[in-house]
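The number in the numbering used here is simply the position in the sequence shown, starting from 1, with 205 added.
We put the beta carbon where it would ideally sit given N, CA and C, even for glycine.
Some notes on the structure that comes next.
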Amino acid sequence: MSTARRSTDWGFPRWRGYGSEREAVRVRICDRHGCEKPGDRPAPKSPSTRDRWYFCEQHAAEYNRNWNYFEGLSDEEAKAREADERRDAGGFAESKHYGWGGPGDGSRSRDEMRALDMLELDADATFADVRTAWRRLAKDCHPDVKPGDAEAATRFQAIQAAYDVLRVAEENREWRPD
């Protein structure tokens, strides 16, 4: 005679919530040595393999802070890889108006971050801070203030370009529906 065995699913409609099976759930432990927290955040072991580390939230953040995608590449190879990936990332370019595609807190793009660096500002600077820094730096190196200084003229053009990038980004942010 066979022994009766309880079913783990009671048919449709389900009388219990999804994910509430009776069996023990397998929990992967964080791959960081000495950590006993659940490792539920995958991270690549290297750019060219599908192997993954599994970290807890704290160690995944530490790993991402130190990750350098272009490690081991020369400047030309890194620029070529970045250009290839920008060319192949059409779907991401279409969604750039959502404002999540860059470093930092996800509210600024890489170009905006470079522009803020050019204006000597932090990532959380407001547009009023941007305008103030732009005016201050433009007064310091304007070609009318320093005539004949090619380095000052080049710096002024870079500051002007940085301001234009941030101005356009601010205009796009103002017109974005919430």
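Can you pull the DSSP bridge partners for residue i?
i	result
P249	R257
I234	P243
If distances are taken between C-alpha atoms only, which option among the options comes closest to residue i?
i	options	result
A374	R319, T359, V350	R319
H264	A338, I234, E276, L321	I234
Y368	A333, R292, T254, R246	A333
E262	K242, R255, E317	K242
P247	G239, A266, R231	A266
W272	K284, S251, T337	S251
With 16 as the cutoff for other CB atoms within 10 Å, does residue i come out buried or exposed?
i	result
F275	exposed
G244	buried
V350	exposed
N377	exposed
R255	exposed
V335	buried
V370	buried
R231	exposed
E281	exposed
Would you mind listing the alpha helix (DSSP H) stretches within the region 258 to 296 that are 4+ residues and don't spill past its ends, in chain order?
-> 262 to 271, 280 to 293
Would you be able to state if there are at least three C-beta pairs under 8 Å between the region 337 to 345 and the region 280 to 296?
-> no
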